[in-house]
Structures are given as C-alpha cells and as structure tokens.
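Which chain is which? The protein sequence lines are U and A, in order. Position 13, counted from 1, in the first sequence is what the working numbering calls 13; the numbers after and before it change by one each time, with no gaps. Position 148, counted from 1, in the second sequence is what the working numbering calls 148; the numbers after and before it change by one each time, with no gaps. Glycine included, every Cβ here is placed at the ideal spot set by N, Cα and C. None of these values were measured; they are calculated from a predicted model. Below is one structure, written out as structure tokens; the observations come after it.
Number of protein chains: 2
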Amino acid sequence: MKRSEVVLAQKRTADILQQNSIVLTEDEIGRIEVAGFGLNELQVQGLELITYINTDRYCAKELVLFPRQTCPEHSHPPIGDDPGKTETFRCRSGRVFLYVEGEATSDIQAQVPVGSESYYTVFHQIELLPGQQYTIQPGIKHWFQSGDQGAIVSEFSSTSRDEYDIFTDPRIERMPVIQED
Amino acid sequence: MKRSEVVLAQKRTADILQQNSIVLTEDEIGRIEVAGFGLNELQVQGLELITYINTDRYCAKELVLFPRQTCPEHSHPPIGDDPGKTETFRCRSGRVFLYVEGEATSDIQAQVPVGSESYYTVFHQIELLPGQQYTIQPGIKHWFQSGDQGAIVSEFSSTSRDEYDIFTDPRIERMPVIQED
C-alpha cells in the first residue's frame, strides 16, 4: 500500500469516528493503522484501527470498517505464558457480521471476498448491532465484515500482539511495509 | 438511596449516553450502577457506570458524571497475585478534572465537596478533554470531578474488584443496600 492511500484512509476513518461523536487527538489520527494485509484490495479485505492503550495487562482499540470491508479469518495463539488474546467486540454503530468456529449458519449475510473463498473456513454467524457485543476466546478462528453502512467496533481485550496473529490466507502479511509515493 | 432515585439516575445516564451516540441495550440500562457511596448526596459525590465486560483478564466500563459530580478519593490495592487494578480513563465528552498523587496543583479547578474536605488529600491535577486519556497505576490514590457540563469517560482496565477499593472517607460504603420505596 502506498503512503497516499494510507493517509486517505486515515482521514476517512477519523471522519467516520467524528460523525459518531468519537474524538481522536491529532496525534492519534496520524497513528491510525490502515491494515490492508498485503493484499492490495483495502476496500474489500482491510481494517482501520486506533489503539488507545496496550499494556502487559489489557488493550483497548476502536475498529472501523468501511462498507462491506472484511477483516480476514485469523486466530490469536498462545505466546509464552499468555494463553492468547481474548477479545470483546462491542458494536458502536452500523452492523457487523462476525463468524467464529461452530455450526455453520446457512445463508450467511456476509459476502465472502471473491478470489479468497478457500481462506474462509468458519461460518457460525453472530450479528452485532449497536450496543451488542461478543467475546472471542483465544485460539478461535474468526473473521468479520460490516454491513452496507460500514461499522464502528470497540475492542476490549487482553494484551494485543498482532504480529503473532495466525491468518488462514498464507498470502497475508499482517505488517507489510508502506511504500512511499 | 431509594430504588426510585436509582431508576431516575439510570434513565438520566442512558439519555446522556444516547445523546453522545453511545447505545446501551435495554438489559444494560437496567444494570447501570448508580454509586452514591452511602453518602446520600448523589449529585455531589456519586458516579454512574455500566460495565461492558469484566473477566479475570480485563475490564471495560463507561462512566457518566453529572455536572460537577465527584467520584471520591480511593485506590485499588493488591489482591492475592493481582498487583491491583491499573485503569485508563479516556474522556469521551465534557471535561474531567482528575487528581492523583504527586505535586499539588495550585488553584485546582474542581470544587472539593463541602463537608468532606478532610477526605480529599491528593491534588495533582490532570485535565481531560474529549480524546484525552490518562492511566492510573495500582495503589495510587485518585479522585475526579466533571466540569459544568458533566462528562462521559471510558474506562479500560485490568480486572475490576470494586468491593476491595480503599476510600479515604471512612463513612463510604462502596456497595450500600438500595432501599425499596
């Protein structure tokens, strides 16, 4: 992803948050992470996030999904003494379709990203509307997509070590290098 | 505090949150904790809060302060293997004056509750506006008050065990019985 695309997505993310009464500082806007996972289709498979705090005890982030944007399937493995990240997703605005391990839901409401079908393997659907939340236990494969209006999700969790996330799609790089324009 | 006062404060809290685009479920509205600390002056010394999640790993709450309402001075002690609660306060709306241990600020902006002056002993002021946050380490005495417009504060923390909080004011009961009308 190019620097200019990152900056544009940061601006769009800050605007979405502001429209929903979520204020970021100028410093935070510059720290918004635009995660394209090295797939070069940010609007399809991607996620925007700001980490408010991440210590050895807990973590809190705001996640923004553009309309129908998908965070690809992954899990949080144990690391040393840590059993793996436990995370609670709380929908703040919009609508989120979350998929976890378990009995597959028939007629899921998300659209699996075209060309990446083989990297989506869990289909137990949880729909989250504003005020609704769900907690994902360590090691559980999951992916999520917003509805047609996009979504804002607050994530409350144990310590975040994103660089250890295990993605089903082997093409994914969680932390690709940003190319200067 | 009487049940009717609790229900009224819950309604007011839910309205304040809704006005700031923070949605609670009906179940959550009924679970809003109205903390008067057994002092019978809720509008002066009190706090309203909803706990989204509290596990053995992390906790997240939304705190609401009515205009100039004060959460009295307290600290979070170690409990067993837990070094005590670490908490991050992030101001979402309004203005918060937070006081922690350290060099006293001259001319503090909060008004110490009349009649309770001897139970306020730390005066190092941190002012939080929307988008600003501060992390309080375990064992540190602290108290906070909102400005004239009230405030909403997101609290991200390690596990919460409110019943063990140590208040400077010996009259305080953290979990007083609610009287049925």
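Residue i at chain A interface by Cβ criterion, 7 angstroms
i	result
G147(U)	no
P182(U)	In the structure displayed, chain U extends from 1 to 181; residue 182(U) sits before or after that span and is not available.
Close Cβ partners of residue i (< 6 angstroms) along its chain, the five nearest in sequence each way excluded
i	result
Y120(U)	E73, V112
E28(U)	I50
V44(A)	P113
G36(U)	M1, L42, G46
G139(U)	S75, G84
V64(U)	T13, I16, E48, I152
Q109(U)	F97
Short CB-CB distance (under 7 angstroms) between residue i and chain U
i	result
R90(A)	yes
G131(A)	yes
T86(A)	yes
Range covered by the alpha helix (DSSP H) that runs through residue i
i	result
D27(U)	26-31
K11(A)	3-19
Beta-carbon separation (whole angstroms), residue i vs residue j, contact threshold 8 angstroms
i	j	result
C91(U)	A151(U)	6 angstroms
V177(A)	S146(A)	That belief does not hold up - the Cβ atoms of V177(A) and S146(A) are roughly 27 angstroms apart, past 8 angstroms.
I79(U)	R161(U)	6 angstroms
A9(U)	E48(U)	6 angstroms
L39(A)	I172(A)	7 angstroms
E155(U)	T70(U)	That pair is no contact at about 16 angstroms.
Q132(U)	T25(A)	7 angstroms
Y99(U)	F123(U)	6 angstroms
K141(U)	T168(U)	7 angstroms
I53(A)	T135(U)	7 angstroms
S158(U)	R57(A)	4 angstroms
Segment limits, beta strand (DSSP E) that includes residue i
i	result
G147(U)	142-157
F37(A)	Careful: F37(A) lies outside any beta strand (DSSP E) and carries neither H nor E.
G94(U)	87-100
H124(U)	124-128
I22(U)	Looking at the DSSP string, I22(U) is not in any beta strand (DSSP E), and its letter there is neither H nor E.
V64(A)	59-65
H74(A)	70-75
Y134(U)	133-136
E48(U)	47-54
Cβ-based neighbour list, residue i, same chain, cut-off 7 angstroms, excluding 5 preceding and 5 following
i	result
Q137(U)	T86
I166(A)	H74, S75, P77
V6(U)	V34, I178
Proximal residues to residue i (C-beta, below 8 angstroms), its chain only, five neighbours per side dropped
i	result
Q179(A)	M1, K2, R3
G94(U)	L65, P130, S146, G147, Q149, G150, A151, I152
task: Report the residues of the region 57-82 of chain A with a CB closer than 9 angstroms to any CB of chain U, ordered along the chain.
output: If the cut-off is 9 angstroms between Cβ atoms, the region 57-82 of chain A has R57, Y58, C59, A60 near chain U.
Positions along the region 156-169 of chain A whose CB lies within less than 7 angstroms of some CB in chain U: Cβ proximity to chain U below 7 angstroms picks out F156, S157, S158 from the region 156-169 of chain A.
query: According to a CB-to-CB cut-off of less than 7 angstroms, which residues of the region 97-121 of chain A neighbour chain U?
result: Under the 7 angstroms Cβ criterion, the region 97-121 of chain A contributes no residue.
task: Compile a chain-ordered list of the residues in the region 21-53 of chain U whose CB is closer than 8 angstroms to at least one CB of chain A.
output: Taking 8 angstroms as the Cβ-Cβ cut-off against chain A, the residues of the region 21-53 of chain U that qualify are S21, I22, V23, L24, T25, E28, Y52, I53.
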